[in-house]
Amino acid sequence: MNVKNNRILIVSIVVFVIFALFLAFVDAGASNSNTGVDQKISGYSFSQPNSSAVAPTGVVYLDLKDENGFSVILEDEIADLLEEKGFKVETVSMQPVIYDSTALAVVVNEPDIFYNPFYSTATMDVEFVYSHTGNMEYLDMLIDDFDKPVVFSSMDGYQLLRHGQLTINDTTKGLVTYPYYRRHLAENIAAGVVEKAFSDDL
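FYI, in the numbering used here the residues of the sequence shown are 2 to 203.
Structure follows, in structure tokens:
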């Protein structure tokens, strides 16, 4: 009897460990999600483009300002979307300088993620600074104070800058693994950032 009970216990432990590993490392899920996005976008432009202005194609310098596992996933998702639009993406450690092509910096502020296999929620505040011409001299100022206006100099020539804050609220129900849920969040954030940063509307 004790041998039988021990076998049942061992099998139960093995099954539990396998299930836990599945949830932790396998990207899979069957779920329904409700994802909402609140947004605040500021746009700044100066002058008109001329023949020497940087065209909205070519290289995009991309930086995720946080070094964590989620930022790596988000960076990949944003890069994939930009490459689908025909851009070549180069990841950099963004500085407040002028780059020779379009630049995009993204910050994920204090992500609040609650995960379990059957019901997960998340609230994530994301901020981005986009410069059509690569002028990121205002980067630190904008990240420190969203409402501080950008004033271009007449020496700057053509400029197009966008600064955005997105708040993503997500509720997902169903059987999902942790990698699947993080990728789901990253896909929604990436879509929102790319749509707003590269919008034709200012």
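Beta carbons are placed, not taken as given, at the ideal position from N, Cα and C, and that holds for glycine.
Using a threshold of 7 Å, state whether the C-beta atoms of E128 and V108 are closer than that.
On the sequence shown, residue 128 is found 127 positions in, with the first residue counted as 1. On the sequence shown, residue 108 is found 107 positions in, with the first residue counted as 1. Against a cut-off of 7 Å, the Cβ pair of V108 and E128 comes out as a contact.
Tell me whether S121 is buried or exposed, calling it buried when 16 or more other Cβ atoms sit within 10 Å of its Cβ.
Mapped onto the sequence shown, residue 121 falls at position 120. The residue in question, S121, is buried, as its Cβ has 16 or more Cβ neighbours within 10 Å.
Close-in-space but distant-in-sequence residues of the same chain around T103 (CB under 8 Å, 5 per side omitted)
Your numbering for residue 103 matches position 102 in the sequence shown. V55, P57, G59, V60, V61, Y62, F88, Y131, S132, H133, T134 and G135, listed in sequence order.
May I have the straight-line CA-CA distance separating M95 from F119, to the nearest angstrom?
On the sequence shown, position 94 is the one that residue 95 refers to. On the sequence shown, position 118 is the one that residue 119 refers to. Computed Cα separation, rounded: 38 Å.
Where does D81 land, buried or exposed, given buried means 16+ other C-beta within 10 angstroms?
As a working note, residue 81 is residue 80 in the sequence shown. Counting Cβ neighbours within 10 Å, D81 comes out exposed, since fewer than 16 surround it.
Report yes if the CB atom of I190 is closer than 7 Å to the CB atom of L65, and no otherwise.
Along the sequence shown, read from residue 1 onward, the residue named residue 190 stands at position 189. Along the sequence shown, read from residue 1 onward, the residue named residue 65 stands at position 64. For I190 and L65, no; Cβs fall outside 7 Å.
V60 bridges to which residues according to DSSP?
The residue you call residue 60 lines up with position 59 of the sequence shown. Bridge partners of V60: K89.
Per DSSP, what are the beta-bridge partners of G165 in this structure?
Mapped onto the sequence shown, residue 165 falls at position 164. I42 and F129.
For Y182, which three-state DSSP category applies?
The residue given as residue 182 occupies position 181 in the sequence shown. Helix.
Within the continuous alpha helix (DSSP H) that includes I144, where are the two ends?
Within the sequence shown, the letter at position 143 stands for residue 144. In the DSSP assignment, I144 falls within the alpha helix (DSSP H) that extends over L140 to D145.
Quick one, which of K197, E196 and R183 has its alpha-carbon nearest S72's?
Position 71 of the sequence shown, counting from 1, holds the residue named residue 72. Considering only alpha carbons, the answer is R183.
Exposed or buried, V194, counting other C-beta atoms within 10 Å across all chains shown (16 or more means buried)?
The sequence position of residue 194 within the sequence shown is 193, counting from 1. With 16 or more other Cβ atoms within 10 Å, it is buried.
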